[in-house]
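Going by the numbering used here, the first residue of the sequence shown is number 36, and it counts up by one from there. All residues carry an ideal CB built from backbone N, CA and C; glycine is no exception. For clarity, every value in this text was computed on a predicted model and none was experimentally measured. The block underneath contains the structure these notes are about, expressed in structure tokens.
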Amino acid sequence: MSIWLDQRAKVIVQGMTGGEGRKHTQRMIGAGTRIVAGVTPGKGGQSVVFEEDPVSVYDSVAEAKEATGANTSVIFVPAAHTAKAVLDAIEAELELVVVITEGVAVRDTAEFVAAAKRSGKTRLIGPNCPGLISPGKSNVGIIPPNIAGPGPIGLVSKSGTLTYQMMFELRDLGFSSAVGIGGDPVNGTSHIDALEAFEADPQTEAIVLIGEIGGDAEERAAAFIAEHVTKPVIGYVAGFTAPTGKTMGHAGAIVTGSSGTAAAKKVALEAAGVRVGRTPSETAVLARAALR
Numbered sequence: 036m037s038i039w040l041d042q043r044a045k046v047i048v049q050g051m052t053g054g055e056g057r058k059h060t061q062r063m064i065g066a067g068t069r070i071v072a073g074v075t076p077g078k079g080g081q082s083v084v085f086e087e088d089p090v091s092v093y094d095s096v097a098e099a100k101e102a103t104g105a106n107t108s109v110i111f112v113p114a115a116h117t118a119k120a121v122l123d124a125i126e127a128e129l130e131l132v133v134v135i136t137e138g139v140a141v142r143d144t145a146e147f148v149a150a151a152k153r154s155g156k157t158r159l160i161g162p163n164c165p166g167l168i169s170p171g172k173s174n175v176g177i178i179p180p181n182i183a184g185p186g187p188i189g190l191v192s193k194s195g196t197l198t199y200q201m202m203f204e205l206r207d208l209g210f211s212s213a214v215g216i217g218g219d220p221v222n223g224t225s226h227i228d229a230l231e232a233f234e235a236d237p238q239t240e241a242i243v244l245i246g247e248i249g250g251d252a253e254e255r256a257a258a259f260i261a262e263h264v265t266k267p268v269i270g271y272v273a274g275f276t277a278p279t280g281k282t283m284g285h286a287g288a289i290v291t292g293s294s295g296t297a298a299a300k301k302v303a304l305e306a307a308g309v310r311v312g313r314t315p316s317e318t319a320v321l322a323r324a325a326l327r
């Protein structure tokens with residue numbers, strides 16, 4: 036199995052007529068993803084051709100869903116318009132909405148994350164994330180599809196780059212699903228959400244959790260693991276040498292005082308029984324050992 040995404044996904048691309056949307060739509064189609072429509076307000080009735088096959092564009096997600104039966108959306112619209120696009124998808128009651136856009140205002144993110152939770156029908160991933168892939172089934176976002184196949188490992192990560200590296204390191208074992216949740220201070224899906232889903236997924240035999248400095252998401256994940264996860268969890272936390280008070284890469288990756296350090300997160304995870312690697316490569320070694 037897999038979590039949240041499989042071969043049944045019928046995917047809308049919001050922002051498909053833009054440069055990034057068009058480029059990554061082509062990549063997703065090449066990976067076998069069922070792209071059924073695009074949505075760009077004001078461009079309804081047009082189409083975009085991929086490998087000689089036209090994909091229709093609609094003015095709203097509701098129109099696209101009615102015409103195609105879509106249940107998933109991936110969003111590539113500019114940051115200033117992202118909140119409106121996400122709310123359009125939530126109001127249309129799509130099951131899964133993946134927000135790739137970076138630089139979204141925290142106020143906007145808080146608004147659409149709250150709307151998704153109120154709906155009780157939409158799983159929101161991102162913003163500022165690479166998306167998710169269930170190898171051999173579907174790929175929604177920008178994760179390279181050729182670095183790993185299906186297998187027993189579930190991967191959840193704040194970092195897109197480390198998602199790719201860990202998939203490459205463990206490419207011979209493969210993944211049930213790999214989920215990039217994004218590194219902004221507010222996001223739609225947490226480490227805990229993914230841990231809960233991987234724990235319930237029969238294909239997943241071990242879980243790799245990648246965190247970074249800032250916030251307390253990893254400490255809360257550690258507490259959840261101690262109480263609710265029976266499968267082996269292997270961790271990696273980026274940022275042991277990050278200076279205090281300086282944002283590192285992601286908007287949420289900042290250490291303030293003694294809060295949010297990589298060392299504190301490592302201690303919390305190890306106290307919950309998680310084996311934590313000092314490098315991505317060592318983390319991969321630990322993951323292999325967990326499956327023996």
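Taking a cut-off of 8 Å for Cβ pairs, the region 131-141 and the region 68-84 do not touch, as fewer than three such pairs fall below it. Contiguous beta strand (DSSP E) elements confined to the region 127-184 occur at 131-134, 158-160, 166-169 and 173-176, taking only those with 3 or more residues. In the three-state reduction of the DSSP assignment, R327 falls in the coil class, being assigned neither a helical nor a strand state. DSSP places Q200 in no beta strand (DSSP E) but in the uninterrupted alpha helix (DSSP H) bounded by G195 to E204. Distance from the CA atom of L304 to the CA atom of E253, rounded to whole angstroms, is 7 Å.
Our two residues, G246 and A213, have alpha carbons roughly 14 Å apart in a direct line. Taking a C-beta distance under 8 Å as the contact criterion, S211 and I188 qualify as a contact pair. Where E305 is concerned, there is no enclosing beta strand (DSSP E), although the alpha helix (DSSP H) around it starts and stops at A297 to A306. Check the Cα spacing between N222 and each of R327, E87 and G166: the tightest is with G166. Taken atom to atom, the span from the alpha-carbon of V243 to that of E204 is near 12 Å. Per the coordinates, the alpha-carbon of G138 lies some 15 Å from the alpha-carbon of E55. Here DSSP, grouped into helix, strand and coil, assigns F85 to strand.
In the displayed model, K100 falls within a helix according to three-state DSSP. Going by C-alpha positions, A151 is about 14 Å away from S225.
Cβ neighbours of G209 within its own chain (closer than 8 Å, five residues either side excluded): P170, A183, G184, P185, G186, P187 and I188.
When DSSP states are grouped into helix, strand and coil, F111 belongs to the coil group. Rounded to the nearest angstrom, the Cβ distance from G215 to I178 is 7 Å, consistent with a contact under 8 Å. DSSP, read as helix, strand or coil, puts L208 in coil. In the three-state DSSP reduction, S225 falls in the coil class, being neither helix nor strand.
For A273, the enclosing beta strand (DSSP E) covers residues V268 to A273.
The alpha carbon of L197 has as its nearest neighbour, out of A319, K45, A232 and M51, the alpha carbon of A319.
The alpha-carbon of A127 is positioned some 24 Å away from that of A229.
In this structure, A105 is the residue among A105, I38 and G53 with its C-alpha nearest to the C-alpha of V46. Per DSSP, reduced to three states, the secondary structure at S316 is helical.
A direct Cα-to-Cα measurement between G195 and H263 gives close to 26 Å.
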